[in-house]
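Counting from 32, one number per residue, gives the positions in the sequence shown under the numbering used here.
The beta carbon of each residue, even a glycine, is placed where N, CA and C say it ideally should be.
It should be emphasised that the depicted structure is a prediction, and the values quoted were computed from it without experimental measurement.
Right, one structure below, let's go through it.
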Amino acid sequence: MIYSSRPNLMIGFHGCDESVRNELVTNPNKIKKSQEKYDWLGHGFYIWENNYERALKWSEDKFKRGKITIPSVVGVIYQLDYCLDFTDSQFIDIIGDYYQLFQEDLKFAGKTLPKNKDVAEDIHKDLLLRELDCAVIEYLHQKIEDGIKDDEDQKGFSKIKRFDTARGLFTEGGPTYEGAGIQTKNHIQICIRNLNCIKGFFIPREETKFP
């Protein structure tokens, strides 16, 4: 599709410890990808799309669990480029197809599918540990890599493209008010696999009333 590439610059936010924020701002090539088996969109560098408050809340929750020392947020300038976008019908269909292939491969190997799981403290049952989703998305990326190797011509080129990023719209946190379809933690999340899609980091500033 000629409309699959998304070159526009965007702004997002990454919740982290203050030391990580400062390191990314001063040494922007020192980027660490998440590689947890429960990552919602597969492995990569995670960003809350244009959502400072949600990134800050995430880092504050990590602080409460003793995972970080000083909760903070770093701003990220990035582009999606070729994006596995789960708000787009064509990519939702694609991941469904790869799920079927993944299921068949595991069955042939005598293995069982991983499952998305709840965490004990989550009363809303939002399946916060997305082991199944992560496994299917990583399977898709591995199949693309395998296809690139098989498809390379004599000059080392392939018609098959790697995804640079993944994007998903997530609803969680329970209804905002009684009977609401809007949930308290709705957000759009970005997972950047190709780190060259990140153009820079910045320390977010507060709105100021200038004279």
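By the C-beta density criterion, A211 is exposed, having fewer than 16 other C-beta atoms within 10 angstroms. When DSSP states are grouped into helix, strand and coil, G46 belongs to the strand group. Separation of the CB atoms of H218 and G73 is rounded to 17 Å, and the pair is thereby denied contact status at 8 Å. Between I78 and G141, the alpha-carbon positions lie close to 36 Å from each other. With a threshold of 16 other beta carbon atoms within 10 Å, N82 meets it and is buried. In the structure shown, R224 falls within a coil segment according to DSSP collapsed to helix, strand and coil. Cβ neighbours of E80 within its own chain (closer than 6 Å, five residues either side excluded): G43, I219, I221. Residue environment for S120: exposed (fewer than 16 other C-beta atoms within 10 angstroms of its C-beta).
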